Amino acid sequence: MSIAEDARHVPDGNAPPAQIDAEEARRARTRRIERIARWTLPALVMVLAIWGWHRVVTVNEIPHYILPGPGLVWESLVNDRAMLMDAAWLTFRITFMALILAVLGGAGLAILFNQSRMLEMSFYPYAVILQVTPVVAIAPLIFIYVESKIAGMLICAWIVAFFPVLSSTTLGLNSVDHNLRDLFKIYRASRWQRLVHLQLPSALPYFLGGLRIAGGLSLIGAVVAELVAGTGGIGSGLAFRIQEAGYRLNIARMFAALSLVAAMGVFIFAALSLVSHLLLRKWHESAVKRET
Amino acid sequence: MTAQPAPHSRPQHAARAVSGRSRVLTMSGVDKVFGADVVALEGMELEVREGDFISLLGPSGCGKSTALRLIADLMPPTAGRIEWQGGFHPGDLGVVFQEPTLMPWATVAQNVWLPFRLRGKSFAAARDEVKEALDLVGLGRFMNAYPRELSGGMKMRVSIARAMVTHPRLILMDEPFAALDEITRFKLNNDLLQLKARIGCTVIFVTHSVFESVFLSDRIVVMAARPGRVIRELGVDEPYPRDEDFRTSADYAAHCRAASAALHEAMGDAA
């Protein structure tokens, strides 16, 4: 019953360092360089781009109402920070709420569709139609029928964001290992047990993939909704500030607000990637570092 | 209930019918047809007695896995009957598939807990049994490991522990060691016999390896393909426990020759 020969397959963290040959040393060096370059290279590109931008503006003496230099944009970020932060907070709230609704709606629909084939056949085509119709085209209609600006914006953002969650979760729920499905059947598992203990965990990696896409899309949905909804009662989000600054030829503020939108998108993606990593790191191949 | 003779004559193995062990499962005239005309199994007769180690041996497509799935009640037979006797029932089964079939998101202990969990038994209540089953397959130290951290052979041991943890009286195994290397396979063959002796269960084992079937079983049911059917039943009347000495004995070689000949006959029919 000994498992001595099997045990050697278990990764052993404190193995003695073996003799390193030339190729291994070269590989280790490449890895080290790549690790540093992964952060420094994009940073360097950014610094160069900003410097180039600055040079183009000063050398050609471009007026600030056409293209402001990076200094002016920074100034606008600092001087208008109160207004921009308010706007960013509103956009973020809409985006975040839309994402929550997209997750509940997308995953909920996926589970419903998975439980009832008839329901899926009835409604899946309409989910696709909703997805492929550009939200910019639907948004004006929504704001005609929906009184509340907030509700209208949420609906717009939800329409764009729920589909990736729905389709990837559906795929995940259907990707259960056939033998495991048989095993559950042999053990007389109920439909509920099968869903909770087998299908949902199997679908998790797929769901998280859809979630990352939905995060970016709900920001796009929120921005589009703001542009269509205009101002009114609820304060103004970043997209509205961009539009407004454009009308006033305050190009620096446009860039400042735009940079905040971009930063928010990056933040959402990074946060969702982190969530995904934390949930999967123990067991899923995508999150597991290779030992060899 | 063993008094009446088997409904169909099985000349190769008349001796078994008079043994005192009670019958647990009888398949009579079982057909399985997929779609309109794919005959996976035709007229299958099988009698399983308590404590048997039966191998279903045959080329691919001979319906041996189909037979197992029918016994596991994963699908109904097209014709014929599968009768459970002596208090045995399809709800009291252990199953091992060709792949380890572990849930990658759960630890080894949680995987072995699964049969209990689905019957509503908490982990705390099942912990001792889970530990015992893992100790039996030599993996007691790996309760909290995740399947991806284990080798192929270890995963298969976890799968076996899961099949045995509820002490089912019948265990079905569908080519469980086919994907493993030979050294690991031999070792798991030895261990499986020890485990069976320890737990005292009945085993139906699907394989396409002559050597494996001879080493493990006391009865070999040889099957042929197109249509899938039983063509011969061979007895391996060698005492247990069997160990490495048996693997090199002349008796073992003779049984292997007989099984090989039957398998060739099965393949010839199929060609």
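Sequence lines, in order, name chains A and B.
So the number in my numbering is just where the residue sits in the first sequence, counting from 1, plus 704.
So the number in my numbering is just where the residue sits in the second sequence, counting from 1, plus 279.
Glycine included, every Cβ here is placed at the ideal spot set by N, Cα and C.
The model shown is predicted, which means the values in this text are computed figures rather than measured ones.
**Message:** Taking its Cβ as the centre, do 16 or more other Cβ atoms sit within 10 Å of residue 748 of chain A, making it buried, or is it exposed?
**Reply:** exposed
**Request:** Indicate whether residue 479 of chain B and residue 497 of chain B have their beta-carbon atoms separated by less than 8 Å.
**Result:** no
**Item:** Residues that residue 367 of chain B contacts on chain A, provided the C-beta gap is smaller than 9 Å
**Value:** None at all; the shortest Cβ gap to chain A is about 14 Å.
**Item:** Within chain B, partners of residue 759 of chain A - CB distance below 8 Å
**Value:** The premise fails here: residue 759 of chain A is roughly 52 Å from chain B at the closest Cβ pair, so nothing lies under 8 Å.
**Request:** Compare the beta carbon distance of residue 997 of chain A and residue 946 of chain A with 8 Å and say whether it is the shorter of the two.
**Result:** Here chain A comprises residues numbered 705 to 996, so residue 997 of chain A is not present and cannot be evaluated.
**Request:** Give the DSSP-derived three-state secondary structure of residue 445 of chain B in the structure shown.
**Result:** coil
**Item:** Below-8 Å beta-carbon distance, residue 538 of chain B vs any chain A residue
**Value:** no
**Request:** Jot down the residue ranges of each uninterrupted beta strand (DSSP E) in the region 962-986 of chain A, minimum 3 residues, whole runs only, in chain order.
**Result:** none
**Request:** Please check if any C-beta of chain B sits within less than 8 Å of the C-beta of residue 954 of chain A.
**Result:** no
**Assumed close pair residue 381 of chain B, residue 426 of chain B - CB separation to whole angstroms, cut-off 8 Å** = 4 Å
**Item:** Contact list for residue 897 of chain A against chain B, beta-carbon separation under 9 Å
**Value:** 396 and 397
**Asked** Who are the neighbours of residue 887 of chain A on chain E, taking C-beta pairs under 7 Å?
**Response** Included in the structure are the protein chains A and B, with no chain E among them.
**Asked** Nearest to residue 807 of chain A by CA position, among A:844, A:843, A:858 and A:900, is which residue?
**Response** A:858
**Asked** Along the chain, where does the beta strand (DSSP E) that runs through residue 333 of chain B open and close?
**Response** 332-336
**Prompt:** In chain order, what residues of the same chain have a beta carbon less than 8 Å from the beta carbon of residue 530 of chain B, not counting five sequence neighbours either side?
**Reply:** 517
**Prompt:** Got a sec: which bits of the region 335-354 of chain B sit with their beta carbon under 9 Å from any beta carbon on chain A, in order along the chain?
**Reply:** Listed in chain order, the positions of the region 335-354 of chain B with a beta carbon within less than 9 Å of a beta carbon of chain A are 348, 351, 352 and 353.
**Contact set between residue 838 of chain A and chain B, taken where Cβ atoms lie within less than 8 Å** = Within 8 Å Cβ-Cβ: nothing; residue 838 of chain A doesn't reach chain B, min ~38 Å.
**Prompt:** Whose C-alpha, out of A:984, A:978 and A:922, is nearest the C-alpha of residue 796 of chain A?
**Reply:** Nearest option by C-alpha distance: A:922.
**Asked** Anyone know if the C-beta pair for residue 843 of chain A and residue 798 of chain A falls short of 8 Å?
**Response** no
**Request:** Spatial neighbours of residue 730 of chain A within its chain, please: CB distance less than 8 Å, with the 5 preceding and 5 following residues excluded, ordered by chain position.
**Result:** Counting only Cβ-Cβ distances below 8 Å, and skipping sequence neighbours, we find nothing.
**Request:** Express the C-alpha separation of residue 325 of chain B and residue 538 of chain B in angstroms, rounding to a whole number.
**Result:** 18 Å
**Asked** When the Cα atoms are used, what is the spatial distance from residue 511 of chain B to residue 500 of chain B?
**Response** 6 Å
**Prompt:** When the distance is taken between beta carbons, is residue 877 of chain A closer than 8 Å to residue 1056 of chain A?
**Reply:** The displayed coordinates of chain A run from 705 to 996. Any statement about residue 1056 of chain A would go beyond what the structure contains.
**Prompt:** Rounded C-beta distance between residue 440 of chain B and residue 415 of chain B? I'm assuming under 8 Å.
**Reply:** 7 Å
**Request:** Tell me residue 313 of chain B's beta-bridge partners as DSSP assigns them.
**Result:** B:317
**residue 495 of chain B to residue 870 of chain A span [Cα, whole Å]** = In this structure, the alpha-carbon of residue 495 of chain B lies about 49 Å from that of residue 870 of chain A.
**Prompt:** Could you give the distance in angstroms between the alpha-carbon of residue 920 of chain A and the alpha-carbon of residue 910 of chain A?
**Reply:** 16 Å
**Message:** Using beta carbons (cut-off 8 Å, strictly below), is residue 715 of chain A in contact with chain B?
**Reply:** Confidence at residue 715 of chain A is low in this model, with a pLDDT of 48, below 50, so the placement of that residue should be treated as unreliable; the coordinate-derived value is given next. Closer than 8 Å to some Cβ of chain B, the Cβ of residue 715 of chain A qualifies, so yes.
**Asked** Listed from N- to C-terminal order along the chain, which residues in the region 423-447 of chain B have their beta-carbon within a distance smaller than 8 Å of any beta-carbon of chain A?
**Response** Under the 8 Å Cβ criterion, the region 423-447 of chain B contributes 424, 425, 426, 427, 428, 429, 430, 432, 433 and 436.
**Prompt:** With a CB to CB cut of under 8 Å and the five nearest residues on each side skipped, what residues in its chain are close to residue 955 of chain A?
**Reply:** Hits under 8 Å: 768, 769, 770, 771, 772 and 949.
**Message:** Am I right that residue 405 of chain B and residue 392 of chain B are in contact with their C-beta atoms under 8 Å? What's the rounded C-beta distance?
**Reply:** 5 Å
**Prompt:** Quick one: which chain B residues come within Cβ less than 8 Å of residue 811 of chain A?
**Reply:** Those do not exist, as residue 811 of chain A stays about 17 Å from chain B at its closest Cβ, beyond 8 Å.
**Message:** Going by DSSP, what residue range makes up the beta strand (DSSP E) through residue 498 of chain B?
**Reply:** 498-503
**Message:** On the DSSP bridge list, what partners appear for residue 453 of chain B?
**Reply:** Per DSSP, B:485.
**Request:** Kindly identify the DSSP beta-bridge partner or partners of residue 363 of chain B.
**Result:** B:304
**Item:** Close-in-space but distant-in-sequence residues of the same chain around residue 456 of chain B (CB under 6 Å, 5 per side omitted)
**Value:** 464 and 467
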